[in-house]
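Visitor: Residue numbers (UniProt numbering): 1 to 405. For each residue, glycine too, the CB sits at the ideal point set by N, CA and C. Note that the structure is a prediction, hence the values are computed from the model and not measured. The structure that follows is given in the form of structure tokens.
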């Protein structure tokens, strides 16, 4: 069921709707389309970094991050510049304009600690029918300290939201064990660490590690580790080993001790991986919750990364159940898999998509022979009938002449 904020519901996610009332089917907010401040996008599952940013001294600039799309401002020179106190990783953000706005030609500039990246032609998506909401995404993930976005046109801007990614730990970890790496014992299955409960904890040491295995490859740029807020002993940094693929050498990273209670591992580059281990260098450390901040590894999408964003979707851009925003070429339909009289009316999972492609391939391989086979059979049949007719006519004629004689 869908519970109040801070507790996992049916999908293993958390309800971040403003009224705490989420759909049990897809997690969407009921009776309101507003999320709690600091959250946005589908089912309010994406962290919104915009409220943490310094947006300068523009008049009424606070209305851009007040979590209300009905309050709008005239953005000076059609330029928003946001600066954060700490670096984070992101690739997309969202702007909401009023109904009369006519905006176009967006450009983004990302500034990191030592980097300067310009995204001149971002992927522009309009996820709503009114086209007042604009999602802007670059092909790359950037480490951001400041972000500058500009556009051309007229109209008021109502909301500005920046993706800080979503937590994949609740729903995508299919195997979770605490084991001793010095033995061949498989390990003990545990419920803690990714259950959404920050008060149930376990202990890890240099040899007793928490191992998380994901149901499919996930694309991650930050790991957040929560310790026991009431512990009286000194805090230690966590050691995290990441495996990008099976039988590959692990990548070793350390968590930051800037805040002993909440420790973060900010990866230099986003990694697609399937498993990780958490431990400490020496002694022990209490671990209460792990958040894996990232996204499904493309082309998968969905709560559990269970759906497939088809290549027939323009820019491979889909919503969380694989529905395309726009199609490539002559494709049409919600999933851009429709051509001629072929229709698909349900979301396509990865397996279903592969099955469909196989069936389509088989259909194509038989379509050309079938096209020629039918008329050839018709012609042969006509020739046989004509031959029988001529033979029977000749025989009838000979019998008639015989009787005449």
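(1) Taking just the CA atoms, how far does residue 313 sit from residue 299?
(2) Taking the straight line between their C-alpha atoms, what separation do you get for residue 53 and residue 182?
(3) What does a CB cutoff of less than 7 Å around residue 167 pick up in its chain, not counting 5 residues either side in sequence?
(4) Out of 244, 250 and 201, which has the shortest C-alpha to C-alpha gap to residue 230?
(5) Can you give the Cα-Cα distance for residue 31 and residue 325, rounded to whole angstroms?
(6) Could you please give me the residues that DSSP links to residue 202 through a beta bridge?
(7) Let's see if you can read the secondary structure: which residues bound the alpha helix (DSSP H) around residue 184?
(8) With distances taken from CA atoms, which of 199, 17 and 62 is nearest residue 74?
(9) Sort out for me which residues DSSP pairs residue 126 with in a bridge.
(10) Can you check whether the CB of residue 225 is closer than 8 Å to the CB of residue 255?
(11) If you count every other CB in all the chains shown that lies within 10 Å of the CB of residue 79, and 16 or more means buried, which is it?
(12) Assess contact between the segment 207–223 and the segment 263–277, defined as three or more Cβ pairs (one per stretch) separated by less than 8 Å. Is contact present?
(13) Fully enclosed by the segment 261–341, which beta strand (DSSP E) runs are 3 residues long or longer?
(14) Going by CA-CA distance only, name the one from 94, 339, 277 and 337 that's closest to residue 187.
(15) Mind reading off the beta-carbon distance from residue 146 to residue 65? Whole number of angstroms is fine, and I expect it under 8 Å.
(16) DSSP three-state call for residue 193: helix, strand or coil?
(17) Once DSSP output is grouped into helix, strand and coil, what is the label at residue 62?
(18) Can you grab the Cα-Cα spacing for the pair residue 143 / residue 108, in whole Å?
(19) By Cβ distance, which residues of its chain are closer than 6 Å to residue 119, with the 5 residues on each side in sequence left out?
(20) Going by the DSSP bridge assignment, what does residue 153 pair with across the sheet?
(21) Can you have a look at residue 232 and say buried or exposed, based on whether 16 or more other CB atoms are within 10 angstroms of its CB?
(22) Can you tell me the Cα-Cα spacing of residue 189 and residue 209, whole angstroms?
(23) Which class does residue 44 belong to by DSSP, given the choice of helix, strand or coil?
(24) Beta strand (DSSP E) containing residue 213: first to last residue?
(25) Should residue 179 be labelled buried (16 or more other beta-carbon atoms within 10 Å of its own) or exposed?
(26) For residue 238, count the other beta carbons within 10 Å of its own beta carbon; 16 or more makes it buried, fewer makes it exposed. Which is it?
(27) Based on Cα-Cα distance, which residue from 92, 58 and 67 lies nearest to residue 76?
(28) For residue 101 versus residue 154, is the C-beta distance shorter than 8 Å?
(29) Go ahead and label residue 267 buried or exposed: buried means 16 or more other beta carbons lie within 10 angstroms of its beta carbon, across all protein chains shown.
Guide: Based on what the coordinates show:
(1) The residue you call residue 299 lines up with position 299 of the chain shown. The residue you call residue 313 lines up with position 313 of the chain shown. Residue 299 and residue 313 have their alpha carbons spaced roughly 11 Å apart.
(2) Here residue 53 is taken as the residue at index 53 of the chain shown, counted from 1. Here residue 182 is taken as the residue at index 182 of the chain shown, counted from 1. One C-alpha to the other measures close to 46 Å.
(3) As a first step, residue 167 must be located in the chain shown, where it is residue number 167. Excluding sequence positions up to five before and after residue 167, its CB lies within less than 7 Å of the CB of 291, 292 and 293, all in the same chain and listed in chain order.
(4) Residue numbering aside, residue 230 sits at position 230 when the chain shown is read from its first letter. Measuring from the Cα of residue 230, the nearest candidate turns out to be 201.
(5) On the chain shown, residue 31 is found 31 positions in, with the first residue counted as 1. On the chain shown, residue 325 is found 325 positions in, with the first residue counted as 1. Residue 31 and residue 325 have their C-alpha atoms spaced approximately 25 Å apart.
(6) The count along the chain shown starts at 1 and reaches residue 202 at position 202. Residue 202 pairs with 287.
(7) As a working mapping, residue 184 is identified with position 184 in the chain shown. Note, residue 184: premise wrong, no alpha helix (DSSP H); not H, not E.
(8) Here residue 74 is taken as the residue at index 74 of the chain shown, counted from 1. If we check each option's Cα against that of residue 74, 62 comes out closest.
(9) Your numbering for residue 126 matches position 126 in the chain shown. Per DSSP, none; premise fails for residue 126.
(10) Taking the first residue of the chain shown as position 1, residue 255 is located at position 255. Taking the first residue of the chain shown as position 1, residue 225 is located at position 225. A contact, by the Cβ cut-off of 8 Å.
(11) Locating residue 79 in the chain shown gives position 79, where the first residue counts as 1. By the Cβ-count criterion, residue 79 is exposed, with fewer than 16 other Cβ atoms from all chains shown falling within 10 Å of its own Cβ.
(12) Here the segment 207–223 makes contact with the segment 263–277; the two share three or more CB pairs at distances below 8 Å.
(13) Taken in chain order, the whole beta strand (DSSP E) runs of length 3 or more contained in the segment 261–341 are 262–280, 284–287 and 289–296.
(14) For the purposes of this step, residue 187 is taken as residue 187 along the chain shown, with counting starting at 1. The option with the nearest alpha carbon to residue 187 is 277.
(15) Start at 1 with the first residue of the chain shown, and residue 146 comes out as number 146. Start at 1 with the first residue of the chain shown, and residue 65 comes out as number 65. That pair is no contact at about 16 Å.
(16) The residue given as residue 193 occupies position 193 in the chain shown. Strand, per DSSP.
(17) Counting from one through the chain shown, the residue named residue 62 turns up at place 62. Correct three-state label for residue 62: helix.
(18) For this step, residue 143 is matched to residue 143 along the chain shown. For this step, residue 108 is matched to residue 108 along the chain shown. Answer to the nearest angstrom: the Cα atoms are 13 Å apart.
(19) Within the chain shown, numbered from 1, the residue matching residue 119 stands at position 119. Contacts found: 108 and 138.
(20) Locating residue 153 in the chain shown gives position 153, counting from the first residue. Answer is 103.
(21) Numbered from 1 along the chain shown, position 232 holds the residue referred to as residue 232. Counting Cβ neighbours within 10 Å, residue 232 comes out exposed, since fewer than 16 surround it.
(22) As a working mapping, residue 189 is identified with position 189 in the chain shown. As a working mapping, residue 209 is identified with position 209 in the chain shown. For the pair residue 189 and residue 209, the Cα-to-Cα distance works out to about 12 Å.
(23) In the chain shown, counting from the first residue as 1, residue 44 sits at position 44. Of the three classes helix, strand and coil, the one that applies to residue 44 here is helix, per DSSP.
(24) Residue 213 sits at position 213 when you count from the first residue of the chain shown. Note, residue 213: beta strand (DSSP E), 208–226.
(25) Locating residue 179 in the chain shown gives position 179, where the first residue counts as 1. When all chains shown are included, residue 179 counts as buried.
(26) As a position in the chain shown, residue 238 is number 238, starting the count at 1. In this structure residue 238 is buried. Its beta-carbon is surrounded by 16 or more other beta-carbon atoms within 10 angstroms.
(27) Taking the chain shown and counting its residues from 1, one reaches residue 76 at position 76. Ranking the options by Cα distance to residue 76, first place goes to 58.
(28) Position 101 of the chain shown holds residue 101. Position 154 of the chain shown holds residue 154. With respect to residue 154, residue 101 sits close: the two C-beta atoms are nearer than 8 Å.
(29) Along the chain shown, read from residue 1 onward, the residue named residue 267 stands at position 267. Residue 267 should be labelled buried.
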